[in-house]
Every structure is written in C-alpha cells, then in structure tokens.
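> Protein chains in written order, with the UniProt record's numbering: chain L, 1 to 349; chain R, 1 to 349. From the three backbone atoms N, C-alpha and C, an ideal C-beta is built for every residue, glycine too.
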DNA sequence: CCTGCATCTGACAACGTTGTCCAGGCTCTA
DNA sequence: TAGAGCCTGGACAACGTTGTCAGATGCAGG
C-alpha cells in the first residue's frame, strides 16, 4: 500500500503539505496561536521566557509567516507593480532599479513585467498586478486608453505613469521633455550650418516618438526650413529598416547632411551605418548610449535621466499612498545635450 | 460630526474600503457566491443566462478577484522570484527578461529584487519572497552560504541558482563556462605573441571572478609563462581604481603588452584608458558590450549568453514545479570568443 | 483574605476565495 | 406517472493570519 503512491505522495507532500503554520509553532511551544503572532510581529506583551520558547519553535520548524494570509487580513501587500516595455532595453534598467530602490526604502517589493509595446499585454499585466492587490502601480504605457484602470483608481490603487502620459484618464505622469530635447538637438545641428536634416524615429502613436518628431519640426520651422517628406522616417526601429531608411536619406535627390535619431536603438544602427560611409554626416541621437564618447567621432546626444524618471515616479507613488499627494500632476524633467563631436561636424555636400 | 473626520474617512474609505467582493457581485446578480466564483474561473455548470447576469454585475461593480485570498486557498501563487545583483547592469537586463518570458509562458508573474552584491540583502530579499510564497526562486547569489534556504527547499520552493553556484546546499545551478572562456581569451592573446599579460577582475570571493582568474592562470601556465604579481589586480571594479590598476600595469618595470578584463564594467574603463595611450596594447574582455564593433580597434571579447542563462534557469525551475526534474544538476553553458581587432594586436614593447 | 490593577495569554471571528457536498428542478425512459 | 439521472445553484468549511476582547495570573494594598 505505501509503495503504490509513494511518488505522488512525496511530491504533493513535498510541495504543498508540510509548511508549518503559526498553529504548529504554537503547539510546539505550548502557547496560544495569538502569542506566536505577537512574537513574529514584535508586538509588546510577551514575557522574555515565552518569547524565547516561541522563537526556538520557529527556528526548529523553519516557520515563515505566510504573507498571503497576512495581506488578506490587513489589506496592504507592501508590493508595487512596474510595467515597462522591455527590461532588456538599457534605458529601462536604471529606471527599474531606481523604482526598486524607492520601493525598498518604503518596505515594498517590486513586481514587474514587460509589455513588449503591446497594449493588450499591458492591460493583462496591469490587471494581474491589481488582482494581486499591489498597493501601487508604475506604468510605462504601451496603449493609449487606460479607462480600464478606473475601478482600480477608485479603489485606491496608487498609480503613476512614466515616460509617456496616460490615455483618457486623469493620473500622475512623469515625463522627459521630449519635445524640448529634440528641438534643441536639431537646433544644434542647424546651428552648425545644416539645413537638410533627416529624422528617424518610432511610430508616432508612441507619445515620446510623436513629441520628438514635433520637436524636430519645430526646430526646422524656427529656422525657416521646409521639411521634405524624404527626410523623415517614422515607425522604424529594427536595424534592417533603420539601415535602409538612413541609406535612402543619404542618397536621395536632396541628400541630408545630418541625421537626428529618435531613440537609443535607432542611434546604434545609424551610428553603424555612418561609420561605413566616407562622407562625414553629422549626427545627434536621443538617449545616451554607453561608450558614445569613445567612438570616432564621439556621439552627440540628447540625454534623459532614466534613473531620475524612475525615482521621481516612485516617490510620487508613495506620497500618494501616504495621502500627502492628492491631485494628479504632470511633471516634466529636463534633458541635456551632450556634445561629443558627431553633432558638431559641418555640412559636407 | 461627519465633517470632523471627513478627511481621514475619505482616505481610508478610498484606499481600502470599497473594493467589491464576490459576495457583492452575487448580491447584485441575485445568485449564490459560488456561482460567481464559477463564472470568474470559467468553470462549467452555469447557464448562459446566469453567466450573463453575473458578468454584468462584475462589469458594473468593477470587481477584480482578490488573488491573495485565492492563493491562500489554493496554495500556489503563480509567481516566481528573481534575485540578482543589479537590474541596471546591462548584463542582467536580458537575463531578467528571459526569465520573465518563461514565467509568462507558464502563467506566472515575476517579482524581482537587486541584492547590490550584499549577502545580507540577498537573504532578506529571498526570505521576503518566500514569505509571499512564490512558487519558485531564481537566484544570482551574492553570498556563499545558503543554508538559510533549507526549510524552503524542504517545503518545496523550486530553486535555481544562476551565474554563480549555491553555497553549502544542494541545488540546481546554471553557469557560464567562466574558466574555459577566460582561458581561451588569454590563450588567444598568447597566440598573438603576448607573454606579459595583465588581468583586472573582481573580488575572488565572487565565484565568476575566481573562475576567470583561474582561467587566466591556466592559460599562462599552459604556455609556460610565470605570472608576475604586478600583472594581476583583484577586487577592483570602480572606474577610478580600474584606471589606476591599468596604468600601473602599463608602466611598471615589466609592463604588460596585453590586458584581459574580468567583466563588462572593467572592460568599459580599460577600453577608455587604452584609448588615451598612443602605444597599442592588446585587449580582450569578458562579457560583450554594445558598440564594441564600432570602436577603433573593435573590442575582442569572450561573450556569454545572458538570455540563455536566464531561459535555461527558468525552464529548469518550471520543470521542478512539474515534478519532471528531481535531482539537482549543474549546467554549464559555453562562451564564445568574438574577435574584432583589439585582441589580435601584436605586442608593442 | 479579598479587592483592584497590571500584565500576559488565548478563544474566536473575520479577511475573500475555492472545494465539497447536497438540494431542487428538469428531462428522459419504462 | 414514477423513478433514474443530469444539470444548476447554494450553504458551509477551510486556507493562515490578525484584531478584539475577555480570562487567567501575579502582586500590592487594604
């Protein structure tokens, strides 16, 4: 009899069965359930002697409090959710880490997920986090309609959007000055004598991409330059297509003498393309990239502070939870132009 | 009376109070509690008509199932924990993302935390994750004693260590071939005529650092070269000290003609230092870095596949949870030498 | 010896969900 | 039409913890 289901038994027993509970600890220590709870939570009103016995029992059994039950009882989970586009993107690493540090300082854990730029997946993730009753959410949105969050907001889930604004709901937002940064970057090129300037960026349905494009157009207009259609390429980030887009701009009837790249992924590819050309083409990219200073020429960029975005957002989140922060705001962090050479090249026609 | 605690009331009511439960939904739909549960979980045995009524009520109230309660009842959380060193390190981004993808494919969420290379913080994080009853743990250990995990293992928490082995317990481990990779990299330099080769790496208490050092020594010994003390610098990763270490090796009584770097952070700084020198010093680094191919000369590296590490580890984790995997194993993934120029420079005395 | 007080302890309900089990109503067949 | 069998729905306990409250104990003072 025992050997027939020994395998299954062992498995299920091993996996779920024998996790000791406070009841077990109490039995072993010969005290009441609540006394164990008191010891575990460091509450007052337990004799040193009793406390010692309980602690021994805890140690002996390898007891760990079950936070699920605790959460159910107390209502707070001490965890926050972070939904971003892709953890593997070097831009999001520091942002995520900054959020984590603030969470840690507030005694919370971080649950995160990547939306892969898919609005449905974003919603799915956010709702899964809400089902787990995270206390708050930091969201880098992929979609542009967040009305599905209304019940959550009403129920008091703190929420801050980062990098891109929320769609169709009223919520805290922390952004970089994408418009101003791009405008300054392009103006910088214009200042060095360029008039035919190309722009390669992501789909304009992405807020940051749209803002940067707007910045590009504004700078051109300020300088009285009419932008030709062939100079802008939108919705393009994968290396192959960026490469093609860049080559076309450089070889068309009125070839560009400078290129502005809309994000770090585009930058990397464009830099690669330009390195293959003998003609010197000026370049400025949005987002800083590692080793940019060591390339020949150094890569001039409009840098945003990813860690500051994350930190600011997370701090606002916890201020919402404090009750210190009541009305949603939109915060815009400045960008910084870092000149390293590529953006200061003169036009070479 | 109402106005006296209006503020506090609003806050607490807003924050915890009014989250609808299945009971509320049941009341509104005029059905029993369990029927709502059935609808929410897509169980059979509910008329289309009843189901419709329940769904309407859910919609109207903005009900979301409380997973804490669910977990308490069912025993599984459908979430796994990932503890790594620093999310902001470009090496861990892809690893983390790979773990997340596997988790997603298995219907689980990912909770992660950074240990900042601090053993205590690692333990604190791991135990917090266990208290939340994650189903499994992927750990990139900072410490070298993991006996504190024994009760968890016994209780059936699936566990896989990545990048570095577990200390003093028997657990699954997924590693890169740090020893072989370093040995090959250094042998590559020797093959190009170098004999005085420097090594700059992290503290040898970190397993990967120790293994890479061992690989360096093995390659030197294989070639019959006696390593001078001044050629190795250990426990050094911050830019300032790496810089000093490199300068010293290059200017000592028997200056090195080549440098091997023990990880990506060291690589970045050494590349920077070498760029400032006119003398051509050969270089190979452990870990690939972005844009390495665009530098002059291109940076030769020993690359490990971070995503593969994460994927392999996570897959093993879920196989443990299946019950498919019963005995702990140690898996070693190969590294790849990528030649780009810097490692093929001849010695310049 | 009793009362009053302070200190410590434990019984019990509740959190929101799911599993078990049973009741009631229906259809189908003999 | 009675009985068997199926389908639908609901009552209830349980998961492991914490908050409430009342009981037990010890001690000092009358």
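(1) For the stretch 262-284 of chain R, enumerate the residues whose C-beta is nearer than 8 Å to any C-beta of chain L, in chain order.
(2) How big is the Cα-Cα spacing for residue 118 (chain L) and residue 84 (chain L)?
(3) Please return the same chain residues whose Cβ sits closer than 7 Å to the Cβ of residue 96 (chain L), not counting the five positions on each side in sequence.
(4) For chain R, find out if any of its Cβ atoms is closer than 9 Å to the Cβ of residue 65 (chain L); answer yes or no.
(5) Excluding the five sequence neighbours on either side, which residues of its own chain have a C-beta within less than 6 Å of the C-beta of residue 288 (chain R), listed in chain order?
(6) For the ligand NAD, any of its heavy atoms closer than 8 Å to the Cβ of residue 259 (chain R)?
(7) List the residues that DSSP assigns as beta-bridge partners of residue 258 (chain R).
(8) Could you name the residues of the stretch 305-334 of chain L whose beta carbon sits closer than 7 Å to any beta carbon of chain R, in the order they occur along the chain?
(9) Count the CB pairs spanning the stretch 312-323 of chain R and the stretch 288-299 of chain L that are closer than 8 Å, and state whether there are at least three.
(10) Using a Cβ cut-off of 9 Å (strictly closer), state whether residue 342 (chain R) contacts chain L.
(11) Using only the alpha-carbon positions, how far apart do residue 341 (chain L) and residue 294 (chain L) sit?
(12) Between residue 121 (chain L) and the rest of its own chain, which residues show a CB-CB distance below 6 Å, the 5 nearest in sequence each way excluded?
(13) Would you mind reading off the limits of the alpha helix (DSSP H) that contains residue 186 (chain R)?
(14) If you measure between the beta carbons of residue 252 (chain R) and residue 230 (chain R), is that distance less than 9 Å?
(15) Taking the alpha carbon of residue 232 (chain R) as the reference point, which residue from R:186, R:222, R:223 and R:192 has its own alpha carbon closest?
(16) Could you tell me whether any Cβ in chain R is nearer than 9 Å to the Cβ of residue 154 (chain L)?
(17) Take the Cβ of residue 191 (chain L) as the centre, count every other Cβ of all protein chains shown within 10 Å, and call the residue buried at 16 or more, exposed below.
(18) Please confirm if residue 303 (chain L) has its CB atom under 9 Å from at least one CB of chain R.
(19) I'd like to know whether the C-beta of residue 93 (chain R) is nearer than 9 Å to at least one C-beta of chain L.
(20) Would a check of beta-carbon distances place residue 147 (chain L) closer than 9 Å to chain R?
(21) Apart from the five residues just before and just after residue 176 (chain R), which ones in its own chain have a Cβ nearer than 6 Å to its Cβ?
(22) Can you give me the C-alpha to C-alpha distance between residue 281 (chain L) and residue 181 (chain L), rounded to a whole angstrom?
(23) May I have the straight-line CA-CA distance separating residue 204 (chain L) from residue 260 (chain R), to the nearest angstrom?
(24) Can you give the Cα-Cα distance for residue 285 (chain L) and residue 61 (chain R), rounded to whole angstroms?
(25) Just the C-alpha distance for residue 242 (chain L) and residue 167 (chain R), rounded to the nearest angstrom, thanks.
(26) Can you tell me where the alpha helix (DSSP H) holding residue 68 (chain R) begins and where it ends?
(27) Tell me where the alpha helix (DSSP H) around residue 359 (chain L) begins and ends.
(28) Please list, in chain order, the residues of the stretch 101-125 of chain R that have any C-beta partner in chain L closer than 7 Å.
(29) Can you tell me whether residue 103 (chain R) is buried or exposed? The criterion is at least 16 other CB atoms within 10 Å of its CB, across all chains shown.
(30) Have a look at the DSSP bridge pairing and note the partners of residue 217 (chain L).
(31) Looking only at DSSP bridge pairs, what is residue 302 (chain R) linked to?
(32) Mind listing the chain R neighbours of residue 71 (chain L)? Cutoff is C-beta to C-beta under 8 Å, in chain order.
(33) Just the Cα atoms here: how many angstroms apart are residue 290 (chain L) and residue 272 (chain L)?
(34) Chain L beta carbons: is any one of them nearer than 9 Å to that of residue 243 (chain R)?
(35) Examine chain R for any beta-carbon lying closer than 9 Å to the beta-carbon of residue 289 (chain L), and answer yes or no.
(36) Please report whether the beta-carbon of residue 86 (chain R) lies at a distance below 9 Å from any beta-carbon of chain L.
Taking the definition as stated:
(1) 268, 271, 272 and 275
(2) Position 118 of the first chain holds residue 118 (chain L). Position 84 of the first chain holds residue 84 (chain L). Cα to Cα, residue 118 (chain L) sits roughly 10 Å from residue 84 (chain L).
(3) Counting from 1 along the first chain, the entry for residue 96 (chain L) is found at position 96. Taken in chain order, the residues that qualify are 82, 84, 87, 112 and 310.
(4) Locating residue 65 (chain L) in the first chain gives position 65, where the first residue counts as 1. Taking a beta-carbon distance threshold of 9 Å, residue 65 (chain L) counts as an interface residue toward chain R.
(5) Residue mapping note: residue 288 (chain R) aligns to position 288 of the second chain, counting from 1. Within the same chain, residue 288 (chain R) has close Cβ partners 301 and 303.
(6) Within the structure as shown, the ligand NAD is missing, as the structure has no ligands at all.
(7) The residue labelled residue 258 (chain R) in the question sits at position 258 within the second chain. Answer is R:197 and R:282, bridged to residue 258 (chain R).
(8) So the close ones are 323.
(9) Inter-segment contact for the stretch 312-323 of chain R and the stretch 288-299 of chain L is absent: fewer than three beta-carbon pairs are separated by less than 8 Å.
(10) Residue numbering aside, residue 342 (chain R) sits at position 342 when the second chain is read from its first letter. Judged by the 9 Å Cβ criterion, residue 342 (chain R) is not in contact with chain L.
(11) Within the first chain, the letter at position 341 stands for residue 341 (chain L). Within the first chain, the letter at position 294 stands for residue 294 (chain L). Cα to Cα, residue 341 (chain L) sits roughly 11 Å from residue 294 (chain L).
(12) For this step, residue 121 (chain L) is matched to residue 121 along the first chain. Listed in chain order, the non-local C-beta contacts of residue 121 (chain L) below 6 Å within the same chain comprise 115, local neighbours out to five positions each way being set aside.
(13) In the second chain, the residue the question calls residue 186 (chain R) occupies position 186. 178-191 is the extent of the alpha helix (DSSP H) around residue 186 (chain R).
(14) Locating residue 252 (chain R) in the second chain gives position 252, where the first residue counts as 1. Locating residue 230 (chain R) in the second chain gives position 230, where the first residue counts as 1. Taking C-beta atoms as the reference points, residue 252 (chain R) and residue 230 (chain R) count as a pair closer than 9 Å.
(15) For the purposes of this step, residue 232 (chain R) is taken as the residue at position 232 of the second chain. Of R:186, R:222, R:223 and R:192, the residue nearest in Cα terms is R:186.
(16) The residue labelled residue 154 (chain L) in the question sits at position 154 within the first chain. It does; some Cβ of chain R falls within 9 Å.
(17) As a position in the first chain, residue 191 (chain L) is number 191, starting the count at 1. Flag for residue 191 (chain L) reads exposed.
(18) Here the question's residue 303 (chain L) lines up with position 303 in the first chain. Taking Cβ atoms only, chain R never reaches closer than 9 Å to residue 303 (chain L), which makes this a no.
(19) Mapped onto the second chain, residue 93 (chain R) falls at position 93. With 9 Å as the cut-off, residue 93 (chain R) counts as an interface residue toward chain L.
(20) Taking the first chain and counting its residues from 1, the one referred to as residue 147 (chain L) is at position 147. Judged by the 9 Å Cβ criterion, residue 147 (chain L) is not in contact with chain R.
(21) What you label residue 176 (chain R) is simply residue 176 of the second chain in a count that begins at 1. Excluding sequence neighbours, residue 176 (chain R) sits near 304, 333 and 335.
(22) Counting from 1 along the first chain, the entry for residue 281 (chain L) is found at position 281. Counting from 1 along the first chain, the entry for residue 181 (chain L) is found at position 181. For residue 281 (chain L) and residue 181 (chain L), the distance between alpha carbons rounds to 21 Å.
(23) Here residue 204 (chain L) corresponds to residue number 204 of the first chain, with the count starting at 1. Here residue 260 (chain R) corresponds to residue number 260 of the second chain, with the count starting at 1. If you take the alpha carbons of residue 204 (chain L) and residue 260 (chain R), they lie about 45 Å apart.
(24) Locating residue 285 (chain L) in the first chain gives position 285, counting from the first residue. Locating residue 61 (chain R) in the second chain gives position 61, counting from the first residue. When rounded, the distance between both Cα atoms is 47 Å.
(25) Mapped onto the first chain, residue 242 (chain L) falls at position 242. Mapped onto the second chain, residue 167 (chain R) falls at position 167. When rounded, the distance between both Cα atoms is 47 Å.
(26) Position 68 of the second chain, counted from the start, is the residue given in the question as residue 68 (chain R). From DSSP, the alpha helix (DSSP H) with residue 68 (chain R) extends over 67-74.
(27) Examination of residue 359 (chain L) is not possible in this model, given that chain L is present from 1 through 349 alone.
(28) 109, 110, 111, 112, 113 and 114
(29) Taking the first residue of the second chain as position 1, residue 103 (chain R) is located at position 103. Residue 103 (chain R) comes out buried.
(30) Walking along the first chain from the start, residue 217 (chain L) turns up at place 217. Partner(s): none; residue 217 (chain L) has no beta bridge.
(31) The residue given as residue 302 (chain R) occupies position 302 in the second chain. In DSSP, residue 302 (chain R) forms a bridge with R:286 and R:337.
(32) As a position in the first chain, residue 71 (chain L) is number 71, starting the count at 1. Result: 68.
(33) Translated into positions along the first chain, residue 290 (chain L) becomes position 290. Translated into positions along the first chain, residue 272 (chain L) becomes position 272. Residue 290 (chain L) and residue 272 (chain L): Cα-Cα distance of roughly 14 Å.
(34) Counting from 1 along the second chain, the entry for residue 243 (chain R) is found at position 243. Taking Cβ atoms only, chain L never reaches closer than 9 Å to residue 243 (chain R), which makes this a no.
(35) Taking the first chain and counting its residues from 1, one reaches residue 289 (chain L) at position 289. Interface residue, yes.
(36) Here residue 86 (chain R) is taken as the residue at index 86 of the second chain, counted from 1. Yes, contact with chain L.
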